[in-house]
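> Here you go, one structure.
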Amino acid sequence: MRWEGREQSTNVVDRRGGPRGPKAMGGGAIVLVLVLLAMKFLNVSPEVQNVVQNAGEAMVNSRVDGAREDGGGVDDQYREFIGVILKDTENVWNARFREELGTLYEEPRLEMFQEYTQSRCGEASSEMGPFYCPADEQIYIDPTFFEELAKRHKAGGDFAAAYVIAHEVAHHVQNLLGDNRVVHAARASGDTAEANQMSVRLELQADFLAGVWAHHLERQYKVLEEGDVEEAIQAAFRIGDDTLQREATGRVRPEHFTHGTSAQRAHWFREG
Numbered sequence: 004m005r006w007e008g009r010e011q012s013t014n015v016v017d018r019r020g021g022p023r024g025p026k027a028m029g030g031g032a033i034v035l036v037l038v039l040l041a042m043k044f045l046n047v048s049p050e051v052q053n054v055v056q057n058a059g060e061a062m063v064n065s066r067v068d069g070a071r072e073d074g075g076g077v078d079d080q081y082r083e084f085i086g087v088i089l090k091d092t093e094n095v096w097n098a099r100f101r102e103e104l105g106t107l108y109e110e111p112r113l114e115m116f117q118e119y120t121q122s123r124c125g126e127a128s129s130e131m132g133p134f135y136c137p138a139d140e141q142i143y144i145d146p147t148f149f150e151e152l153a154k155r156h157k158a159g160g161d162f163a164a165a166y167v168i169a170h171e172v173a174h175h176v177q178n179l180l181g182d183n184r185v186v187h188a189a190r191a192s193g194d195t196a197e198a199n200q201m202s203v204r205l206e207l208q209a210d211f212l213a214g215v216w217a218h219h220l221e222r223q224y225k226v227l228e229e230g231d232v233e234e235a236i237q238a239a240f241r242i243g244d245d246t247l248q249r250e251a252t253g254r255v256r257p258e259h260f261t262h263g264t265s266a267q268r269a270h271w272f273r274e275g
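Here you go:
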């Protein structure tokens, strides 16, 4: 993929190099809970409790937003690469929303972190892999995941990494379109089996949308090189639920699938 020296997104926040650790953001929330419990014990009026709770939540959220700006970042190829790929997704989805839906595409932010981070969806570590948080409409990536993708999952290459980013951006597209509400409704109903099935469908749709992005990217900008699409398909195949389960335990348990089988993931990316 020809990505070096191309325009980068302004929606990337690089927090690498800043304070790390799961306890970096948890203190404010803990103090707020303790204060509210004490107020209930002392029979403080509900009106006062609500005022304190709202002020406390605003303080905690402010600390989360502030933490995202911490860290000097690392001026490396990951930073440029992620900036270029995110810009590519912005170009494609801005055009698709405008031409096909007649509406504006709300661009997500992407945070690059190292080891630990804090989102509106909670604390997260690198072990979770890249993820999208609908609560703050932001994507979170520790770039070392791309090394794991190449070494552990044998799915290296720049377009394999681009597919991962495009998949997370696809979750943002789903969020804007309201597609994830069905999954939330299934989870709220308490039907675990149905919720898992809906979750798998949502993930496969994200693979399809990543394929849609790849198609329009090449049609508009001609930046793909021979073997790039195969890299993305290999990445989708290597991180299918059945492959990951088989490698981890030697068994495949479909009832525990969350993203779909290797064949399904590769198929839906190709369909896009």
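The sequence shown maps to residues 4 to 275 in my numbering.
Glycine residues also receive a C-beta, built at the ideal position from the N, C-alpha and C atoms.
1) Roughly how many angstroms lie between the CA atoms of residue 144 and residue 11, to the nearest whole one?
2) If we cut at 9 Å on Cβ distances, does residue 122 have a partner in chain B?
3) Name the two residues that bound the continuous beta strand (DSSP E) containing residue 201.
4) Report back the beta-carbon spacing between residue 268 and residue 230 to the nearest angstrom; my notes put them in contact at under 8 Å.
5) Near residue 275, what residues of its chain come up, given a Cβ to Cβ distance below 8 Å and the 5 sequence neighbours on each side ignored?
6) Here's a check: name, in chain order, each residue in its chain whose Cβ is nearer than 7 Å to the Cβ of residue 176, leaving out the five neighbours to either side.
7) Leaving out five residues on either side along the sequence, give the residues of the same chain with a beta carbon under 7 Å from the beta carbon of residue 68.
8) Based on Cα-Cα distance, which residue from 254, 232 and 202 lies nearest to residue 273?
9) May I have a chain-ordered list of the beta strand (DSSP E) segments no shorter than 3 residues that lie completely inside the region 122-183?
10) Ignore the nearest five residues each way along the sequence and tell me which others in residue 260's own chain have a CB closer than 7 Å to its CB.
11) From residue 103 to residue 253, what distance separates their C-alpha atoms?
12) By Cβ distance below 8 Å, which residues in the same chain neighbour residue 93 in space, the five residues on each side in sequence not counted?
13) State the start and end residues of the unbroken beta strand (DSSP E) segment that holds residue 16.
14) Between residue 80 and residue 147, what straight-line distance do the alpha-carbon atoms span, to the nearest angstrom?
15) Tell me which same chain residues have a C-beta within less than 7 Å of the C-beta of residue 106, skipping the five on either side of it?
16) Within its chain, find whatever has a CB closer than 6 Å to the CB of residue 237; leave out the 5 residues flanking it on each side and keep chain order.
17) Looking at residue 164 and residue 179, is the spacing between their C-beta atoms short of 9 Å?
18) Please name the residue, chosen from 247, 187 and 82, that lies closest to residue 156 on a Cα-to-Cα basis.
19) For residue 83, report the span of its alpha helix (DSSP H) as first-last.
20) Do residue 123 and residue 142 have their CB atoms nearer than 9 Å?
21) Tell me whether residue 237 sits in a helix, a strand or coil according to DSSP, three-state version.
22) Taking only the alpha-carbon atoms, compute the straight-line gap between residue 167 and residue 133 and give it to the nearest angstrom.
23) Since residue 115 sits in a beta bridge, which residues does DSSP pair it with?
Put simply:
1) Within the sequence shown, numbered from 1, the residue matching residue 144 stands at position 141. Within the sequence shown, numbered from 1, the residue matching residue 11 stands at position 8. C-alpha separation (whole angstroms): 16 Å.
2) The question asks about chain B, but that chain is absent: this structure has only one protein chain.
3) Start at 1 with the first residue of the sequence shown, and residue 201 comes out as number 198. Residue 201 -> not in any beta strand (DSSP E); alpha helix (DSSP H) instead, spanning 195-224.
4) If you number the sequence shown from 1, residue 268 lands on position 265. If you number the sequence shown from 1, residue 230 lands on position 227. 19 Å between Cβ atoms; not a contact.
5) What you label residue 275 is simply residue 272 of the sequence shown in a count that begins at 1. These residues qualify, in order along the chain: 210, 211, 212, 213, 214, 215, 216, 217 and 218.
6) Locating residue 176 in the sequence shown gives position 173, counting from the first residue. The residues are 96 and 212.
7) Mapped onto the sequence shown, residue 68 falls at position 65. Note on residue 68: pLDDT 46, under 50, position unreliable in the model; the coordinate value appears next. If we look at residue 68 and ignore the five residues flanking it on each side, it has no Cβ neighbours.
8) As a position in the sequence shown, residue 273 is number 270, starting the count at 1. For the residues 254, 232 and 202, the minimum Cα distance to residue 273 belongs to 232.
9) 125-128, 134-136 and 141-144
10) As a position in the sequence shown, residue 260 is number 257, starting the count at 1. If we look at residue 260 and ignore the five residues flanking it on each side, its Cβ neighbours are 199, 203 and 244.
11) Residue 103 sits at position 100 when you count from the first residue of the sequence shown. Residue 253 sits at position 250 when you count from the first residue of the sequence shown. So the alpha carbons of these two residues sit roughly 45 Å apart.
12) Position 90 of the sequence shown, counted from the start, is the residue given in the question as residue 93. Excluding positions up to five away in sequence, the list reads 12, 14, 108 and 110.
13) Indexing the sequence shown from 1 puts residue 16 at position 13. Its beta strand (DSSP E) spans residues 15-17.
14) If you number the sequence shown from 1, residue 80 lands on position 77. If you number the sequence shown from 1, residue 147 lands on position 144. Rounded to the nearest angstrom, the two C-alpha atoms are 12 Å apart.
15) Position 103 of the sequence shown, counted from the start, is the residue given in the question as residue 106. If we look at residue 106 and ignore the five residues flanking it on each side, its Cβ neighbours are 100.
16) Residue 237 sits at position 234 when you count from the first residue of the sequence shown. Excluding residues within five positions, the ones whose Cβ falls inside 6 Å are 158.
17) Translated into positions along the sequence shown, residue 179 becomes position 176. Translated into positions along the sequence shown, residue 164 becomes position 161. Cβ atoms of residue 179 and residue 164: not closer than 9 Å.
18) Counting from 1 along the sequence shown, the entry for residue 156 is found at position 153. Among 247, 187 and 82, the Cα nearest to that of residue 156 belongs to 247.
19) Taking the sequence shown and counting its residues from 1, the one referred to as residue 83 is at position 80. Its alpha helix (DSSP H) spans residues 80-99.
20) As a first step, residue 123 must be located in the sequence shown, where it is residue number 120. As a first step, residue 142 must be located in the sequence shown, where it is residue number 139. No.
21) Taking the first residue of the sequence shown as position 1, residue 237 is located at position 234. Here residue 237 sits in helix by DSSP.
22) Position 164 of the sequence shown, counted from the first residue, corresponds to residue 167. Position 130 of the sequence shown, counted from the first residue, corresponds to residue 133. Going by the C-alpha atoms only, they are around 8 Å apart.
23) The residue labelled residue 115 in the question sits at position 112 within the sequence shown. Residue 115 is bridged to 17 and 144.
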